[in-house]
Amino acid sequence: MSEHHDDDPTAQGSGFAALGLRPELLKALDELGYEEPTPIQRETIPYLMDGKDLLGQAATGTGKTAAFALPALHLIDGRAASKPVALVLVPTRELAMQVSEAFFRYGKDLGAKCVPVYGGQPIYRQLQALDRGVHIVVGTPGRIIDHMGRGSLNLDGIRMVVLDEADEMLDMGFADDIESILEGIPHAHQTVLFSATMPPRINSIAKRYQSDPVRINVVRGDTKASAGKVRQSAYVVQRNHKPAALGRILDIESPGGALVFCRTRTEVDQLTETMNARGYRAEALHGGMDQAQRDRVMGRLRDGTAELLVATDVAARGLDVDTLTHVVNYDVPSAPESYVHRIGRVGRAGRQGVAITLAEPREQRLLQNIERLTKQAITIEKVPSVADLRAAQLEQTVAAIRESLAAEDLDDFYPVLNSLSGDANPQRIALAAIRLFHELAGNIADETEIPDISHRMERRPDGGGAARPGGKPQRSDDRRHSSEKNATGFVYIALGRNAGIRPGDLVGAIANETHLVGREIGPIKITEKFAIVGVPEHSVEKVISALKATTIKGKKPNVRRYTD
3 MSEHHDDDPT AQGSGFAALG LRPELLKALD ELGYEEPTPI QRETIPYLMD
53 GKDLLGQAAT GTGKTAAFAL PALHLIDGRA ASKPVALVLV PTRELAMQVS
103 EAFFRYGKDL GAKCVPVYGG QPIYRQLQAL DRGVHIVVGT PGRIIDHMGR
153 GSLNLDGIRM VVLDEADEML DMGFADDIES ILEGIPHAHQ TVLFSATMPP
203 RINSIAKRYQ SDPVRINVVR GDTKASAGKV RQSAYVVQRN HKPAALGRIL
253 DIESPGGALV FCRTRTEVDQ LTETMNARGY RAEALHGGMD QAQRDRVMGR
303 LRDGTAELLV ATDVAARGLD VDTLTHVVNY DVPSAPESYV HRIGRVGRAG
353 RQGVAITLAE PREQRLLQNI ERLTKQAITI EKVPSVADLR AAQLEQTVAA
403 IRESLAAEDL DDFYPVLNSL SGDANPQRIA LAAIRLFHEL AGNIADETEI
453 PDISHRMERR PDGGGAARPG GKPQRSDDRR HSSEKNATGF VYIALGRNAG
503 IRPGDLVGAI ANETHLVGRE IGPIKITEKF AIVGVPEHSV EKVISALKAT
553 TIKGKKPNVR RYTD
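According to the numbering used here, the stretch in the sequence shown is residues 3 to 566, in order.
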């Protein structure tokens, strides 16, 4: 496997023109305001234009969509839209739409035709679009498999296959579908993998389906760059005080748009209701919602009707919203890579972003793991007091009034001032008007003090991050307990392929209803009539209870512990 080095001449040169892109693409990039390629674009485009296989490690927000889209559009080369020349696999419907829109923007002067295919949309529309002819197909693995089975997606002309966010697709249980798709392409082609992390399964796919791929890694540098644009802080809060603490923090932060991550859909619904009661325009997003509901929520967030999106990790995968200024971890993510994924949604294009984490004292080790990965310290803050909130609200009122003082139509309100002049002096009239504005601005009278327990998030003397409570070393019985926690138990689910069940359905249902994340779920075996899913042994009973209370693909499952 060839390795790319920073001093390679293909990485040199200034601007997109130096990468050898077609004039039509350069024109589109210029109109979009793109002046300089990002590191991932500068490093990958020359290799992809040269037809090489590539394995790229890059986080969300690095510009990787253009990195593979521009070389893929080169393959059109005046061809009429008939059989697709490029296939892009993505984990979610939202990402399929975003990538498809990017192809349209970059390739409009080439007459590029790109069709997104995904579940949740009537398949006949996709059948019609594919039948009319297409250059590029972007889709989720499950729906791509459906079209291959129907014979509506002809792969004979494929010259490039891209797996975007490959680790996310594997976490969602799409490994079998991905391999079926790659094996279904009947000839040699260029294979490109992009992934934020590189678990062994990614390397396994690379070995089987790529030929001497170029390996490019911009994650380490990008993580530092992103961290520089994102202000990261954590607040130590007891669980029962978390809703009040989040409201207090957001009142002071005044986000333009915030994405709040919760572990379960129940927590999402409860927190959304709480934040709406506090005066925020909050929307929920989780796996229990149908596609029409998801589309309405995303529309409200994008047009500014909603200012707060409360979501589970699985439901939020692939979301990319320019209006976001804040990302909030309502719990510390158990996988440090998930934290990097999340904060990558803000701090883009040079803008300042804010990442806020609400941590319980028992979660300090998770914070330490994140700091070790990002090589950035997360500042431990005290939850704002009632006095802090009042001071911040008054500052916001002062700023708003200062802005109003610059208005040109103030004289229009002299009749109001004159009619009140007999009731009080001008200063008192001004104070009454300020008080009225302050209250109408939604500044609530919050009198509840939230306990300050930030001292319980102790730091080691060597500056190495959060220490264990009391700084005690791990004892042998702690290690034995840790080993027991890592054991795998199995859950039997009486739904299988006959019910349309795919691995992603099971991963999504379990991740949405429990505290588990995708990488903690598996292995998964699906037969015609039932499925067996591996989960951490200590979580088996919780998973069983959670699945009994929900539906999978609209069906109520019969669930029990699986034993040989």
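Quick reminder that beta carbons are idealized off the backbone N, C-alpha and C, glycines included.
- Taking Arg107 as reference, the option from Leu72, Ser84, Asp79 with the minimal CA-CA separation is Leu72.
- A check of alpha carbon separations from Tyr49 across Pro143, Ile218, Asp32 identifies Ile218 as the nearest.
- In the DSSP assignment, Gln234 falls within the beta strand (DSSP E) that extends over 232 to 238.
- In the DSSP annotation of this structure, Val334 is not part of any beta strand (DSSP E), being labelled neither H nor E.
- Straight-line spacing of the CA atoms in Asp454 and Val385 works out to 7 Å.
- Annotated as proximal: Asp390 and Ile254, with beta-carbon spacing under 9 Å.
- Per DSSP, reduced to three states, the secondary structure at Ala409 is coil, with no helix or strand assignment.
- Looking at the backbone, the Cα of Ser336 and that of Val519 are separated by about 8 Å.
- If you draw a straight line from the Cα of Gly65 to the Cα of Gln43, it comes to about 7 Å.
- Here the alpha carbon of Ile204 sits roughly 10 Å from the alpha carbon of Arg210.
- The residue from Gly306, Cys264, Lys531 with its alpha-carbon nearest to that of Tyr282 is Gly306.
- Secondary structure note for Phe105: its alpha helix (DSSP H) is the uninterrupted segment 95 to 109.
- Between Thr199 and Val163, the gap from beta carbon to beta carbon reaches 9 Å or more.
- A straight-line Cα-Cα distance of about 16 Å links Met51 and Phe196.
- If you check the CB distance, Arg437 and Arg296 do not come in under 9 Å.
- Between the segment 127 to 140 and the segment 73 to 82 there are three or more C-beta pairs closer than 8 Å, enough to call the two in contact.
- Checking the DSSP bridge columns, you'll see Ile358 partnered with Ser235, Val330.
- Counting C-beta atoms within 10 angstroms of its own C-beta, Asn242 has fewer than 16 neighbours from the protein chains shown and is therefore classed as exposed.
- Beta-bridge partners assigned by DSSP to Pro538: Thr490.
- Linking Val232 to Thr314 through their CA atoms gives a straight-line distance of about 21 Å.
- For Leu34 and Tyr494, the gap between their C-alpha atoms comes out near 51 Å.
- In this structure, the alpha-carbon of Glu37 lies about 29 Å from that of Arg161.
- At least 9 Å separates the beta-carbon of Thr516 from that of Val561.
- Going by DSSP, Glu26 is part of the alpha helix (DSSP H) stretching over 25 to 33.
- Within 10 angstroms of the beta-carbon of His191 lie 16 or more other beta-carbons, which makes it buried.
- For Ala88, the enclosing beta strand (DSSP E) has its first and last residue at 88 to 91.
- For the pair of segments examined, the segment 356 to 374 was found to touch the segment 327 to 341: the number of CB pairs separated by less than 8 Å reaches three.
- In the displayed model, Glu365 falls within a helix according to three-state DSSP.
- Bounds of the beta strand (DSSP E) holding Pro118 are 116 to 119.
- The C-alpha of Ile503 lies about 12 Å from the C-alpha of Ile534.
- Between the C-alpha atoms of Gly301 and Thr40 there is a straight-line separation of about 29 Å.
- Rounded to whole angstroms, the Cβ separation of Val342 and Leu311 is 19 Å, and the two are not in contact under 8 Å.
- DSSP places Leu311 in the uninterrupted beta strand (DSSP E) bounded by 310 to 314.
- A straight-line Cα-Cα distance of about 29 Å links Ala279 and Ser406.
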